[in-house]
Structures are given as C-alpha cells and as structure tokens.
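Chemist: Numbering (my numbering), first residue to last: 29 to 1254. Can you keep this structure in mind? I'll have questions shortly.
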Amino acid sequence: MTNKTLFISYSHDNDAHRERVLGLSQRLRSDGFFTQLDRYVPGTPEEGWPRWMLNRLDEAAFVLVICTETYYRRFRGHGQTQDGHPRHERTRGKGTDWEGAIITQDLYDHGSRATRFVPVLFDASHARFIPEPLRPRSRYLLDSDTGYGKLLDFLDGVAGIEPGPVAERPPGKRRRTSPLVLDNTQSPPSPRSPQSPSSTFDPHIASTRLPSSTGELFGRQKELARLDRALRDPAIHVIQLIAWGGVGKTALVVHWMARLAARDWCWQAPDGPPGHPPDHSRTPRTDNHPSPSPTKQNDVPRRARRYFDWSFYSQGARDRDSPSADAFIAAALEFFGDPDPQRGSPHDRGARLAELVAREPAILILDGIEPLQYGSGPLQGQIEDPALLALVESLAQRPGAGGLCVITSRRRLTDLAAFEKYTVIAHGLEHLHPRAGAALLHHAGATRRGAATIHPDDGELKHASREVRGHALTLHLLGSYLGRAHGGDISRRDRVPFQDANSDQGGHVFRVIAAYENWLQEDPSLPGNGYLLPEKGLFLAILGQLLLRTGILFLKTSLLFNKASLVVLEDGERIGKERWFLPMAKRIRDIAIALRTAGNWIGGLDARLHGIERPRQGAPRRPGPAGSGEPRPITPEQRRDMTNRQRMLAILRLLGLFDRPAHKDLLATLCREPPIRGLTDPLVGLAKEDWNGAVHSLQDLDLISQQGDALDAHPLVRAYFAERLQRQTNDIANLLRLADAQVKADPAPPKAAKKVDREYPPSPWVSGHRRLYEHLTTTTPERPDTLVGLAPLYQAIVHGCHAGLHRETLHDVYMDRILRGTGPDGFYSRTELGAMGADLGAGACFFEHPWRQPAARLAARDRAWLLNDASLLLRALGRLQEAMEPLQAALQMTVEQEDWKNAAIGAGNIGQLAVILGDLEQAVADGERSVQFAERSEDWLLIRDGKVTHADALHQAGKTEEARRLFMDAERLQAEQQPQYSWLYSVRGFLYCELLLAEAERAAWRCVGEWTGAASPVGAETGTPPLEDTQQGRLSPRSPTGQQRDALTVDCHQVTERAAQAMEFALPRNRILDIALNRLTLGRAALYRALLAAVAPAAGHGDAAGSAPAEGTAFQAALSPREYADIESHLDTAVDGLRAAGRMEFLPEGLVTRAAFRAVSGDNTGARVDLAEALDIAERGPMPLLEVDILLARVRLFPSDPERAALEAEARRLVKRHGYDRRAKE
C-alpha cells in the first residue's frame, strides 16, 4: 500500500498557497507516497511542461486536485486573459488549463471507473470550486488531522481503523510522522499522526548559537516552571524574559533548553528522565495570563518537531552600529524549509517565517534582541527591523500547531503590548534572592571566611549577594575571582570597590572585571604587590615621540619621575586597605607605572648623552628590602604563573576588539609577527599548549567560553575591554596633541622637534582593527553571491572604520564589493539579496552620530551620499521619522556647497517624506524649494520631479487646482523633452492619476454606501456638514446623478488609458514598483467605474451589520465575469507587487482599495483583514494621512460598527491636526 505515485494538480494562487501544497507533498512523502510536483523540477523539464504534465498524469496512481477558486477558473478556461491585456498575463494558468483538459478527457473515456482523480480542499468554503466532473466523487477536507487521515485511508484502500481478528486484541493504531500540521487541531488526531511517544520521531534540531552553560542554575525554579507552563499552554505563543545584562536571561533559556532536550523534546512528559533532578517548582502562575484549564488534549505528550535559536549578541551589537536581522531571517527561513529565503520584502520574509514556524510544533529562541530595539525616545522598546517585527507580531497573532517563541531582551517589546493579555507573556526577570546569590557565590569559589570553611547559606555570602543586588554575573565572577586570587576568602571582597558602583548597566560587574584585570597584571617581583605594564613597548614608543617633540632630556626629570612612581608603588598593601583611596587607586597606579618607566628610560637616555656610567645590563644586583622600591626575587613557579596571567589578560583584551565570537583564524591573525605593541606582546610566537593553557585558565574562571573554533565572552566582558582599549587610544592621542601644542607655543623649539614625523603612532585599538580589516578583505572572495558569503565583508567594515580607514572601507569594500556599484545596475546586496538591514548596519559604521553626522575623515561628497543612502534605507525599512534627519543634514550640506542638483533631489525627498509623515506645511515648502533648486541646476528632469512633488503636497493639502496646474506643467515639460512619453509615468504618473480619480473616488465611496447601508455622509448623524459641490458642481452631497456618473466614468476611462500606457513602459524593464502602482490605478479605475454603473441591492439584503450581501452575488451580477475577474486580478497583483517592492508607504493604499472591492463582493472577513493590516502599517509609520483614509474606509464599509463614532472622531482629529484638507469635507 506504500510507494504509490501521486500527482498533485494545483494552481499557483499565491505564495502561501504554493507553500501549503508543498507542505502537503512533503507530508505525503513522509507517509510513504511518491509525490510528483512541479516545484521539484530544477528549471524547465527537457520534454517541456505540457509533456511533463502528461507523463506524470500517466504515471500517477492517484491525482490529487487541489480545488480553489483560481484553479476552478483556470480549469474551466476562464483564467486566460484576452487580447489587449499585458503580455505576461496571457501565459498565466496555462498549466492548470492543460491539466483540466486532460482530466476531463480521461473522465470522459473511463466514466465511473476513473476514480483516481481526488478532489482535495484546504478550506470548506472551496467546495463550490470543485470542477463539475469531479463533484460526484468523494472530496477530502484537509483542515484537521482527521481529514488527512481519511485521505490516507482512501489512498491506501483501507478503512480508517484496521480491525483485528475476532476475540483478539486489535493491533495498535498506525502512525507516521509528517512535516505538515494543519491549522485546525481541535479534532481528534489522525491514527497516522505522530502524537504519542511511541510514534516514530525525527525532530529537526538546529545547532545552538547560544553560549554554553556555565554549570548549575540557582534560584530560577519559578522561571523554569513558568517556561514549562507557557510551552504547555496552546494559547501562549510568545514569552519575553526582560532584564538588564548579566541578570541571567541567557543562562536561564540555555538551562531550560538543555532540560527539554534531555526529555527528548517532550513538554508534557514527566519532569525528567531517570537521574534528572525533579522539578519542584510547579507554583501557581503570577503573570496576568490565566492558567489553562486542564483538558484531555493538554495531557497528551507532545514533542517539538523543530528547534532553532539565535543570539543577536553573537552577530555584532555595538552601540554605534545598526544591527539587522537579515542573517537570522535568511538562516531561519532555510532551516524551516523556505525554498527562497531571499524572496520578498523584509516584512514578507518575516511573516513567511512566522507561517513556517507555526505550521508544526516548534521552539524558537531569540536571545538578546535589544540591539534591534529603539533604546530611547517615544519609540523605546519597539523593534527597528521590519522582518523581525513581522515575525514576532505574526507569531503573536497566528494560530499555531503548538510550541513557543522565547525572547530575551533588556527592554520590553512594546510592539507586543496589545497581545500580553492573550497570547504573549512579558516577564521581568528579577535579581537573585540573597539565599540563591549566596549559593551561587559558594559554587563559584567563595568557600571560606579567613581560614574557616563556610556553607552555601553563610550569612556573609548573603550579605555579599545583597551588596551587588543579586546580580548573577557579578556574583559568578566575584566567586571565581576570590577562589582563584584569594583562596576563596569571602572577606577579601573588599578588593572590589562595590560601594562606588552605580546602579547603571554594568556597574557592579565592571568592578569585578577590573579586579580581575588588576590581579592578572600583578608582578610579584615589584614591591608592595606592584603591577606589570603590558603596554610597556607601546609606551616607550609614545614617550620617544613626546621627547622628540618637546626636547625634554634632563636627568632631574628622570629622578622626579622615579620618585613620583615610588609614592604609589612603595606601599601597595597600605593603599589597598584605605577604602577611600580605592576609586582612584587604579588610575594612579597606571600613572605611577608610566612615571617609573619614563623615569628609567629618560635617565638611561640622559646618561648615554652625557657620558654618565650606568649599571651594565645583566649585572648582579642585590635585592633591596621591602619598601625600598627594588625588585624582589621570585620562584620559577611564580614566574610561570605571572607569564600565564599576562597571556590571559592579553586574550581578554583581544576579545575587546570583537562584537561577536572571535574565530580562531582572526585570533591567529592578531597574534602573528610583528606584535601589536601593548596588545599581543605576550602572545606572539606562543606554543599551542601555552595558548591552550591560558584559554583553559580563562574558561575555569568563566570569563570566556569556547564555541567550536571561536572564543567568546559575555557582552559585558567584551564591552569592558573594548572601553579600556578605546580609552587608552584617546589618552595617547590627547597626550601627543598636548605635546604638539606645547611645541607650537615654544618660541624656540629644539631642533629634534623640527624634524619629527607628526604622524601619531597607532594605538593597540587601531592596530588591531587594521589587521583584522586587512585579513578579512584579503581572505574573502571579491564579490560573494550570498548573504552568508558577504558576512566577512560586513564585519570588515566594522573593523575598517574603527581603524580609521573610512574612505578605503567605503569605496573598496562597501560600494565596490557589497553593493557592486551605486549606479542603475548596482546595489546588489539589496536588489538581489534583500539585505537592506545589513546595509543600514554597514552604513552606520561610517557615522560618528547616526544619522546626522558622518565621519569627518570622509570627503564632503561621500558624506552627502551616506546621508541620502541612510535615509533611503530607513524609509524602505519603515523607519520614516528617523529617515528625515539624514535628509535634512544632506540638504544643508549640498546647499552650502551650492550643489543645486543634489539640493533639488534632497528637497524633493524631504517633501515626499513630509507628505507621508503628515507634515503638509513642510511638504509644500520643500516641494517649492525643490523646484527652485532644480531651476538653478537647469536640469529638466529635476524640474519635472520637483513640480510633481510640489503638486502632490498641494493636492493632499486640499489645493486641488494649484496641484492640477503643476501636474500639467510637469507633463508638458516631459512631452517636450521625451515626445514618446506624452503622459507622466512611474510614481509621478500614479500621483497624477490619483488626483484625476479624486472626484470619481469620492463618488464611488458614496455608492459603496448604497451597498453597505451607509449612504449618508460620514459624520452626518453627528451634525457634521455633508459633502458639498466643490469640484465644478459635478458631485452632489448624495450619490451622483446619471449625468455626473457619465462624466466621472469618462475620467475613469482616461486614467485607464494612462495606466495602460505606463504599463507598456514598465513591463519590459521589470520595474516591480511601477508595475504594482499601474495595477493599482487600473484596479481603482475599474472598481470606481463599476460602482458608478452598478445598481445597488434593495434595502434589507445586507447582513445584520449593514455590510455587503453574504455571497456578493448582486454586485458580481452587475458586472461581466471578465470585468469582475479583471478588478480582482489587478488589485491582488498590485498588493503582491507593493509587498515585493518593499514600499510600505504605498501598500496601505492598495489594501484599502482591495478592502472596498472585497466588501461589496461579500467578503467581509477579507475586507476587515486588509483594513487591519493597512492600519497597522499606517500607525507604525507613522502615516497619519493614510490612517485617515483607513478609518474613513472602515466607517463606510461597516457602518454599524460599534466603534463608528470613535473612528469618525479620530479621523476628524487627524484631518485637522495635519491640515489634510483633501479629506476635510468627507
């Protein structure tokens, strides 16, 4: 009964439908059937598609016919467009048409014996679309596992339950695994569904990207139980764990994930396998979401079929950068089975990933997403990246097959606030209780008080936990520090000045890391526990530059420096005990070391210059007494330990150069000859066993972790050493600048100062980043084709900019290798890979203050380009308010340079964005400025574009006639310069057509009222004046008269002709946005024309809510089938195209128009879905003018909506606030 060949006949309705059919095929294959599907064919089959389909139909034991409206129309031959339609439409649906003809002929030839054609439905409402020859046959509804099981039984030729022998116990139910889980899971599971532990189970588990666990977890039993409850509760889709860095979010989810894996990914099994510690934390829920009532379904053990996690800290997350979710989205889409992870806009990819995740029980962990959230201001907590936003919002809304998305962040996701009472839990992770903190301290190494051994519940351990407010990372590092440096003595924690740590992020933990740093650079040969100078070689080079600049070569300076150094170094023990001195001790210690080194160096140089005898190097010296400042003798073991600690500290400093795990190749590059002074001196030429020893020592202290071939540290540890390296760089630069200033002020500078090279020696920070940049750019292929291949180049940009190589990095790496040029054929990473977020993150590296101040090292032209490019990317990603700032900065720069061409472009871009943001006063002003700048440039294209921008702003402000004149001027100018294009096209043509259709649109909306019961003007029942005759007397307060309808119908025909001509220009060039906008214009003109011509149904034929008739038959009857299908096709294609183009400012317009069409066609649910999506986009923009349009549409389409009064009031408020006079009288 297995290995039967099945052929699936279906229509390519849309991407979601294609993926659903593919999922069905995969499930059938998992259940033992050999399915044939066109998507399994790479490219075009050798025999051509018609013969391929015929051969597959001949081979198939059964043909599954997936019945939808589109399939039915194409099966009947109604899906083909007639002559006069765009070229690419004439070939759509021919495959289904061909298969339909073959199926019909086969049924005719075999009659009732032709049982191999099986109607299959995904939705019960599609039963009316079963082709007539197949309607007498059994159909199978795949909206549940039960329906799928019935289909399997039919294909196998067996009953749903195979009976056993009489008087014998029947055999167990047959079960099979499957990659497809259908939406409706309320019915009992299919006998073949893998819902019990006994079934065959083959989960897909991705390799974790989370850091490895550091051992036991303390004080988190309630949180573990909360995660378990959320996983068991089918109503919960997302849980957020919110806390500052180091509180233990990642450790918690890693531990929870490990427990789940130990249970074979089963979340309703017992608490754990044999030998696993039982979970005694099943406490009542304390969040706002009620616990689910126990049901039989919840008692069934379930397992995750897929597991995937991602750490956003591991992909780069420095404050100055703008990280994106592009790499995560691409990797996750590939893991969850998407055939083309780069297809679609960022929003589409995120929504598509949510659909894939929700198809089957899956666990998705997103760790540390705060780099992709707004950190301050009115948008605080919102997600910046549109793909990630679409993912989490869709997961919160979409019914799933079980499973959970776990998100950790330092900020609450305000985007999910509306779902927190329903499908989302937001849990603030608290600091550890003193008892748990004491246990963690003891476990990490603080096991003594003086010479006495203490227990985990010791009072001083609890007091220490309270001192650091139960901060988990601080306690962990403090315990390991005391265990290693002070024999585990908790009373020695006074070495760490916690009383001076503020409560800000990282305050306490930075104090512990500083204590580690002090301990790692202790030199037992120095008096009073002195310290090493890891930067000695660097400091001598810097000092040489200083001396050459200032000419200070005096023995008294040497003596003075040495004396000053002894003040600090002579009695370290005494100083260490003075707690008031501790905040300054580290800084003074550094100064003392520098002073002593400088004094010795100056003294030696002075002696050589003046012939003073100095002790020979290597001459025997008698160690002086303690406190004399002389070196102490040390044992070989002490020397080995000191050397190892130097290496450990050097490795930690290396990790400060990275914002992600450091791969071994990059670490090896840093550690090669020649050494980077002050950074890699202890590591150059190091034997492998010595390197491993230092790494293992750091791992023992839990300061670093090893992930495959990479070393990583907690983000706070990386941040500490990055700040130290950067501060060192700044100190050196400031010191040298001060020396130069003194030289310039000296009326008679020394001769040596006149000859010195003024180039400052590079700091470890700059030298390290330069070496990483050079390695990444030379070892990466010139122009990788994938986002994964481009990742090293994106990383090289970060290092290049930190090294000060801004211009080289911008031109050689970003523009040439990633974008592949900035001309019409360029921007490869965006147009081919959709990596707009990654490009924005790369561009942020070239800014000193995103998004207003590019790096001063760059040329003015480069700075202006970066500002404009950042604005375009921000706008494409839906971050509209942020996009205004770089545009204004670029405009100011170009005006100052009298670069009138770019000034015209900049002013026009500001005007367009101001319209979207609802600032019509600024839009009108900048539109006018754009024309003025363009006229100065004498560029007719810019003059045309400026006039269109100005005209659109005037149109939205209600100044229709002024706008009309400007549109006509722009069109006249274009016709003079481009006679072959007598009408405006592209976005310019769309905006003009919008004005030309304005009267027809208003009249059509009033006609919609006849269909929905809202014929009276919006606001009429509240006393607001109705629509007046303002447009040449052609539109009455009520529905238009016959003469008025005729005039408006002519307008619609003229716009249709314009859009058809613009389509002829756009199609050969495959301009996605232009094609979509032309489709929207064609759909609007046809819809308005149909509404003006159609006769409304009699009163009472609508539903109880006053909306369109249930089946929409009356409106459809007023149109020919071709007219109805054309409108539907235009609007569906327009919406899909606007999504693909990624232009969110246009998508709501398409959704609103399609909502009107759906409502008058009877599809009230579809209309509401479109309006809800449009409103969500508009509110997020924010796009207040579009928000008004959406609110008005909702009131008109659903007049009995209980929120109608509030919706009208909000629309009226927005119109008044933004001066949206185009809608003021509607």
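Heads up, the beta-carbon is just placed ideally off N, CA and C, and yes, glycines get one too.
Determine, using beta carbons only, whether P792 and Q756 come nearer to each other than 9 Å.
Modeler: Against a cut-off of 9 Å, the Cβ pair of Q756 and P792 comes out as a contact.
Chemist: If we count the other Cβ atoms within 10 Å of its Cβ and call it buried at 16 or more, is V943 buried or exposed?
Modeler: Counting Cβ neighbours within 10 Å, V943 comes out buried, since at least 16 surround it.
Chemist: Can you name, in chain order, every residue of its own chain whose Cβ lies under 7 Å from the Cβ of S493, other than the five neighbours on each side?
Modeler: Same-chain partners within the cutoff: L460, P462, G465, A466, L469 and L503.
Chemist: By the 10 Å Cβ neighbour count, where 16 or more other Cβ atoms means buried, how is Q268 classified, buried or exposed?
Modeler: The residue is buried, with at least 16 neighbouring Cβ atoms inside 10 Å.
Chemist: Which residues share a DSSP beta bridge with Y335?
Modeler: DSSP lists I233 and I391 as partners of Y335.
Chemist: When the Cα of D151 is compared with those of M676, L170 and P161, which residue comes out closest?
Modeler: The shortest C-alpha separation from D151 is found at L170.
Chemist: Consult DSSP for A258 and reduce its assignment to one of helix, strand or coil.
Modeler: Three-state result, A258: helix.
Chemist: To the nearest angstrom, report how far apart P351 and A866 are at their CA atoms.
Modeler: One C-alpha to the other measures close to 7 Å.
Chemist: Within 10 angstroms of its Cβ, does E926 collect 16 or more other Cβ (buried), or is it exposed?
Modeler: By the neighbour-count rule (16 or more Cβ atoms within 10 Å), E926 is not buried but exposed.
Chemist: Do E949 and G1247 have their C-beta atoms closer together than 9 Å?
Modeler: For E949 and G1247, yes; Cβs fall inside 9 Å.
Chemist: Where does T98 fall in DSSP's three states?
Modeler: Helix.
Chemist: Determine the contact status of Q64 and F35, defining contact as a CB-CB distance below 9 Å.
Modeler: A contact, by the Cβ cut-off of 9 Å.
Chemist: Compare the Cα-Cα distances from R333 to each of G431, F62 and T236 and report the closest residue.
Modeler: Comparing Cα-Cα distances from R333 to each of G431, F62 and T236, the minimum goes to G431.
Chemist: With T814 as the anchor, note down where its alpha helix (DSSP H) starts and where it stops.
Modeler: Premise fails: T814 is in no alpha helix (DSSP H) and is neither H nor E.
Chemist: Which same chain residues end up closer than 7 Å to E665 when comparing Cβ atoms and leaving out the 5 residues on each side of it in sequence?
Modeler: Answer for E665: no residue qualifies.
Chemist: Note down the Cα distance separating A741 from A359, rounded to an integer number of angstroms.
Modeler: If I take the Cα positions, the gap works out to 23 Å.
Chemist: From the DSSP output, which residues share a beta bridge with Q1071?
Modeler: Q1071 is not bridged to any residue.
Chemist: Kindly list the residues whose CB is nearer than 6 Å to the CB of L419, restricted to its own chain and excluding five residues on each side of it in sequence; keep chain order.
Modeler: Taken in chain order, the residues that qualify are G378, L381 and A382.
Chemist: One question on the structure: do A1162 and A1118 come within less than 9 Å of each other, judged by their Cβ atoms?
Modeler: Against a cut-off of 9 Å, the Cβ pair of A1118 and A1162 comes out as no contact.
Chemist: Does the beta-carbon of V1036 have 16 or more other beta-carbons within 10 angstroms, so that it is buried, or is it exposed?
Modeler: Its Cβ being crowded by 16 or more others within 10 Å, V1036 is buried.
Chemist: Taking DSSP as the reference, what is the three-state secondary structure of E87?
Modeler: Of the three classes helix, strand and coil, the one that applies to E87 here is helix, per DSSP.
Chemist: Can you list, in chain order, the residues of its chain with a C-beta nearer than 8 Å to that of E244? Leave out the 5 residues immediately preceding and following it.
Modeler: Cβ within range, chain order: H471.
Chemist: Buried or exposed: which applies to A1252, given that a residue is buried once 16 or more other Cβ atoms fall within 10 Å of its Cβ?
Modeler: That one is exposed.
Chemist: Fully enclosed by the region 831-881, which beta strand (DSSP E) runs are 3 residues long or longer?
Modeler: 875-877, all fully within the region 831-881.
Chemist: Report all residues from its chain with a CB closer than 6 Å to the CB of C433; omit the five preceding and five following residues, and keep chain order.
Modeler: Closer than 6 Å at the Cβ level, and outside the excluded window around C433, lie V266, L392 and L423.
Chemist: With a 10 Å radius around its C-beta and 16 neighbouring C-beta atoms as the bar for buried, classify S795 as buried or exposed.
Modeler: S795 comes out buried.
Chemist: My output table needs one value for Q1008: the three-state DSSP class, helix, strand or coil.
Modeler: It is coil, neither helix nor strand.
Chemist: Could you tell me the distance, in whole angstroms, from the CA atom of V723 to the CA atom of I732?
Modeler: Going from the Cα of V723 to the Cα of I732 covers about 8 Å.
Chemist: According to DSSP, simplified to helix, strand and coil, what is D997?
Modeler: Of the three classes helix, strand and coil, the one that applies to D997 here is helix, per DSSP.
Chemist: Just mark P611 as buried or exposed, buried being the case when its beta carbon has 16 or more other beta carbons within 10 Å.
Modeler: With a pLDDT of 44 at P611, under the threshold of 50, the predicted position of this residue should be treated as unreliable, though the coordinate-derived value follows. Classification for P611: exposed.
Chemist: Look up P1176 in the DSSP assignment and say whether it is helix, strand or coil.
Modeler: P1176: helix per DSSP, three-state reduction.
Chemist: How many angstroms separate the CA atom of P427 from the CA atom of R1182?
Modeler: Cα to Cα, the separation comes out at about 24 Å.
Chemist: How long is the line joining the alpha carbons of V745 and L501, rounded to whole angstroms?
Modeler: Going from the Cα of V745 to the Cα of L501 covers about 10 Å.
Chemist: What span of residues does the beta strand (DSSP E) with H455 cover, start to end?
Modeler: Segment V452 to G456, the beta strand (DSSP E) holding H455.
Chemist: Pull up the distance between the alpha-carbon of R539 and that of H455, whole angstroms please.
Modeler: Distance between the alpha carbons of R539 and H455 is about 28 Å.
Chemist: Kindly indicate which three-state DSSP category P217 falls into: helix, strand or coil?
Modeler: Note that P217 scores 38 on pLDDT, short of 50, meaning its location in the model is unreliable; the coordinates nonetheless yield the value given after this. P217 falls in the coil class under three-state DSSP.
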